[in-house]
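Numbering (the numbering used here), first residue to last: 11 to 483.
For every residue, glycine included, the Cβ atom is placed at its ideal position computed from N, Cα and C.
Predicted model, so just to flag it, every value in this text is computed and none were measured.
Notes follow once the structure below has been shown.
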Amino acid sequence: LQQHEEQLKRALKFKQSTATRSEPAVPELTANTLLKTNAAGNGFETQSTVNVDTVAGIASDITTVSGIASNVTAVAADASDIGTVASNIGSVNTVAGDITKVVAVANDLAETVSEIETVADDLNESSSEIDAVAGAITNVNAVGTDIAKVNTVAGQISPTNNISTLAGISSDITTLAGTTGLTTLANNASNITTVANNNTNLTNVGSNIADVTSVANNLAAVQNFADVYRISSSAPGTSLNVGDLYFDTTANELKVYKSSGWAAAGSTVNGTAQRYTYNITGTPTTVTGADAKGETLAYDAGFVDVYLNGVRLSNTSGSYTGDVTVSSGTSVVFANALAAGDVVDVVAYGTFNAAAVAASAITSGTINSARLPATLISAWESKTGNFTAAAGKGYFCNTSGGAIDVTLPGSPTAGDTIRFVDEGATFDTNDLTILNGSSKIQGASANLDVATERAAFAIVYCNSTQGWLLTEK
Numbered sequence: 011l012q013q014h015e016e017q018l019k020r021a022l023k024f025k026q027s028t029a030t031r032s033e034p035a036v037p038e039l040t041a042n043t044l045l046k047t048n049a050a051g052n053g054f055e056t057q058s059t060v061n062v063d064t065v066a067g068i069a070s071d072i073t074t075v076s077g078i079a080s081n082v083t084a085v086a087a088d089a090s091d092i093g094t095v096a097s098n099i100g101s102v103n104t105v106a107g108d109i110t111k112v113v114a115v116a117n118d119l120a121e122t123v124s125e126i127e128t129v130a131d132d133l134n135e136s137s138s139e140i141d142a143v144a145g146a147i148t149n150v151n152a153v154g155t156d157i158a159k160v161n162t163v164a165g166q167i168s169p170t171n172n173i174s175t176l177a178g179i180s181s182d183i184t185t186l187a188g189t190t191g192l193t194t195l196a197n198n199a200s201n202i203t204t205v206a207n208n209n210t211n212l213t214n215v216g217s218n219i220a221d222v223t224s225v226a227n228n229l230a231a232v233q234n235f236a237d238v239y240r241i242s243s244s245a246p247g248t249s250l251n252v253g254d255l256y257f258d259t260t261a262n263e264l265k266v267y268k269s270s271g272w273a274a275a276g277s278t279v280n281g282t283a284q285r286y287t288y289n290i291t292g293t294p295t296t297v298t299g300a301d302a303k304g305e306t307l308a309y310d311a312g313f314v315d316v317y318l319n320g321v322r323l324s325n326t327s328g329s330y331t332g333d334v335t336v337s338s339g340t341s342v343v344f345a346n347a348l349a350a351g352d353v354v355d356v357v358a359y360g361t362f363n364a365a366a367v368a369a370s371a372i373t374s375g376t377i378n379s380a381r382l383p384a385t386l387i388s389a390w391e392s393k394t395g396n397f398t399a400a401a402g403k404g405y406f407c408n409t410s411g412g413a414i415d416v417t418l419p420g421s422p423t424a425g426d427t428i429r430f431v432d433e434g435a436t437f438d439t440n441d442l443t444i445l446n447g448s449s450k451i452q453g454a455s456a457n458l459d460v461a462t463e464r465a466a467f468a469i470v471y472c473n474s475t476q477g478w479l480l481t482e483k
């Protein structure tokens, strides 16, 4: 009963028509029609169900569209854009034909977007670091100013990697740090380098350590020798004792210290001779100063011979008055005035200290002739007529039968010596003439005439400029 009651409540009802009111007419229902309210709202009219049936046939599509209602609304909002696409459908079709390329571009764009997002994320993560850099921008600018130095440091990054090696020997470094002499070593680094560069010499010293020890044990004697003998370019002036020696590297000669000061060792033990030649002008009685060669006259008193025009003059000594006085050491005074054109030769000799070598010290053996001076005469000959002399020989010349002319050797060498003696004591009557030939005599291209009775003399060859010079014997 309740069910029927509910159906009756929902059934279509119409009021009964009256004289003043007509009730709505109900049209006749036919197949495939339904009733709907008319436009006036005061009646009903039929409606075909054909469209309803069509919609019912696509009910699933309608359900799908209903599920994407928001998208449909969005498409409706872009109706103008859709119209634009429609008007460019040819281009759209072209793009569709190259859709593979479009997809590739889209993928690349997707990758780029990913990378951009990564950078953005990094920027977000590094914001604190960026702030830190901004806070230290002064230091950043300083680094930029010194970028060359930074590059230099970068170039040394390989050596810097050796820090790990240093770390491996940290105990050794600690030991060095505790060494009190390390600073001293550092201050002497250049000396250590010098020693290292002389490793060969150090090795030699090590190989001769016995000799080094011997010198060390006799250091006092070594030092004493260093005081006695010195090598210098100028005369030492301290710690001097008579007998000290020094080699003068400026004059290239050995000198000895005497009570009067330093003197050439040749003045004490000497076998040398110095020769001076003066070409006279005027009528002087004294020669002194520079000679024809520019050499200044100097000699040891008593150890000098004077020649006038090739003839040896006698020296004044004690109570004996000779032809010349030679006592000052710097001048020669003649007993008689000289004449213009005269040639004066002065031969000064080094002195000897024979006491330094006792004769008793030579107890055996012989002296080889090769050890004797080259001026020794190897043989003597007697001559009574003209002859050609040979170097190293002596000649007894007898002019009692007439004057003698002597021809000198054609190619003499320095030191060649020839001696002559007036055997007949007749040179003053018939002179001995030495012909100059191809060599000068006493520096001149002239013959030497000897007219002194009992003359005995020697000539020695010096050089092409001076030629043959008279010597003392």
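Through-space distance from residue j to residue i, alpha-carbon basis
i	j	result
A389	K403	5 Å
K450	F344	27 Å
T73	A116	33 Å
T213	T287	59 Å
N262	A273	13 Å
V222	A158	54 Å
V153	N161	11 Å
V266	G320	36 Å
S243	G188	50 Å
E16	N48	28 Å
N440	A349	24 Å
A347	L323	14 Å
G165	T210	36 Å
S4	I147	Here the chain covers residues 11 to 483 and nothing more, so residue 4 does not appear.
T128	D118	15 Å
A300	A400	34 Å
S200	D156	31 Å
N234	N228	10 Å
S124	D131	10 Å
G67	S76	15 Å
G328	T293	27 Å
S80	D88	13 Å
T427	F397	16 Å
V493	A114	Residue 493 is absent from the model: the chain starts at 11 and stops at 483.
E455	N473	The displayed chain sequence assigns Ser, not Glu, to residue 455. When rounded, the distance between both Cα atoms is 13 Å.
T190	V205	22 Å
G216	T203	19 Å
V163	V143	22 Å
D141	A196	45 Å
Assumed close pair residue i, residue j - CB separation to whole angstroms, cut-off 8 Å
i	j	result
A358	F313	7 Å
T409	F437	6 Å
Y471	G425	7 Å
D258	S249	Contact doesn't hold; Cβ gap of about 18 Å is too wide.
V112	V102	Rounded, the Cβ-Cβ distance is 11 Å, inconsistent with contact.
I92	V82	Between V82 and I92 the Cβ distance is about 12 Å, and since that is not below 8 Å, they are no contact.
C-beta atoms of residue i and residue j nearer than 8 Å
i	j	result
A468	R429	yes
A302	G339	no
I290	D352	yes
T298	S270	no
N457	T475	no
L176	I183	yes
Selection from the options that minimises the alpha carbon distance to residue i
i	options	result
V336	N197, L445, T295	T295
A465	Y317, P246, K303, L348	Y317
S392	C407, A177, A401	C407
W478	P422, A84, S249, D432	P422
E453	E463, A400, D355	The question names Glu, but residue 453 in the sequence shown is Gly. When only C-alpha atoms are compared, the closest one is D355.
T306	T326, R285, N325	R285
V431	E463, S200, A401, I202	E463
I241	A114, T83, T260	T260
P246	N198, L264, T110	L264
Decide if the stretch 235 to 255 is in contact with the stretch 303 to 322; the criterion is three or more beta carbon pairs, one per stretch, under 8 Å apart. no
Does the stretch 409 to 422 come close enough to the stretch 432 to 451 to have 3 or more Cβ pairs within less than 8 Å? yes
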